[in-house]
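In our numbering, the protein residues as written are -15 to 288.
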């Protein structure tokens, strides 16, 4: 096993964050390209949609735009996730990586990520539906309302937080192990076993600055203030850039966490095997390009 990967086994929350910052700094060119092409546009579209919800009239055109923008944002987010995970894995595999490689491999890895994300949101929706139903039944049928409701809400939020912790790794599993949907989530659940407390601390550490920026944005931009339009415009730009950076850091951190958990469970992370697995995705894309090229040549010959 590579000595650099072996060092990851002992990393805690701050160690993972430090490793994340180091990776982004060392490979800032390719991560900047991923951010500018995928992450930043997704938040620009998301903010535009948010602004229209606040200020635009609820017409049929607005609803169509709202639906289209949500779909585009989701697709860009999935592609960005796959691109970042693939890049970090390529770095640990000690192989040369370029933005062209990332763009070439994304079509082969984004579908498992999308399927896994859909399964996560379906599970989250079911959990919230059941939770709301239980709260309703408690409210209408029980006299010891406060105590029972308090206990249930604690259990509900703990379950939701645990689900989020599992989801953090499931995207990485989908890219690097070829699993999809609930299979990726089950694998992720096995990986976080024994590291749940550390994973929860990492989720909170990464989520805290996001919450702070979101709260400041709400107070200074959404709520009526003495700040003029120019000032609010600057704050909007800061918000978009901040969330783009937070997203990148989160994706890199959870990929590092994946390797930490793999090593903690004594699952061998072979640099050569990892390299071969990543190369397969690249070759699949290359073969697809050859098929398209051959098809074009045949059509040209038929025309001649």
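Ideal Cβ positions, reconstructed from N, Cα and C, are used throughout, including at glycine.
Contact defined as beta carbons within less than 8 Å: I believe residue i pairs with residue j. What is the distance between those atoms, to the nearest angstrom?
i: residue 158; j: residue 1; result: Not confirmed; about 23 Å, so no contact.
i: residue 61; j: residue 18; result: About 12 Å separates the two Cβ atoms, so there is no contact after all.
i: residue 7; j: residue 90; result: Wrong, their Cβ atoms sit about 19 Å apart, outside the cutoff.
i: residue -3; j: residue 182; result: 6 Å
i: residue 153; j: residue 117; result: That pair is no contact at about 29 Å.
i: residue 36; j: residue 49; result: 7 Å
i: residue 23; j: residue 232; result: 6 Å
i: residue 77; j: residue 239; result: 12 Å between Cβ atoms; not a contact.
i: residue 186; j: residue 241; result: 6 Å
i: residue 26; j: residue 57; result: 5 Å
Could you check if residue i is buried or exposed, using at least 16 other CB atoms within 10 Å of its CB as the buried criterion?
i: residue 112; result: exposed
i: residue 13; result: exposed
i: residue 207; result: exposed
i: residue 82; result: exposed
i: residue 103; result: buried
i: residue 106; result: exposed
i: residue 110; result: exposed
i: residue 211; result: exposed
i: residue -6; result: exposed
i: residue 203; result: exposed
i: residue 125; result: exposed
i: residue -9; result: exposed
i: residue 134; result: exposed
i: residue 130; result: exposed
i: residue 235; result: buried
i: residue 34; result: exposed
i: residue 4; result: buried
i: residue 257; result: For residue 257, the pLDDT reaches just 49, beneath the cut-off of 50, and the residue's location in the model is therefore unreliable, although a value from the coordinates is still provided. Label assigned to residue 257: exposed.
Rank the options by C-alpha distance to the C-alpha of residue i and give the top, closest one.
i: residue 69; options: 180, 190 and 161; result: 161
i: residue 87; options: 65, 102 and 77; result: 65
i: residue 191; options: 227, 10 and 214; result: 227
i: residue 97; options: 172, 16, 241 and 47; result: 172
i: residue 156; options: 145, 169, 147 and 144; result: 169
i: residue 31; options: 248, 15 and 53; result: 53
i: residue 95; options: 59, 47 and 203; result: 59
i: residue 99; options: 197, 63 and -1; result: 63
i: residue 188; options: 129, 224, 230 and 215; result: 230
i: residue 108; options: 85, 121 and 150; result: 150
i: residue 136; options: 214, 9, 146 and 122; result: 122
Is residue i near the ligand ZN, going by C-beta to nearest heavy atom under 8 Å?
i: residue 8; result: Ligands are entirely absent from the displayed structure, and the ligand ZN is therefore not among its contents.
Does the region 162 to 169 come within contact of the region 178 to 197, defined as at least 3 CB pairs closer than 8 Å? The region 162 to 169 vs the region 178 to 197: no contact.
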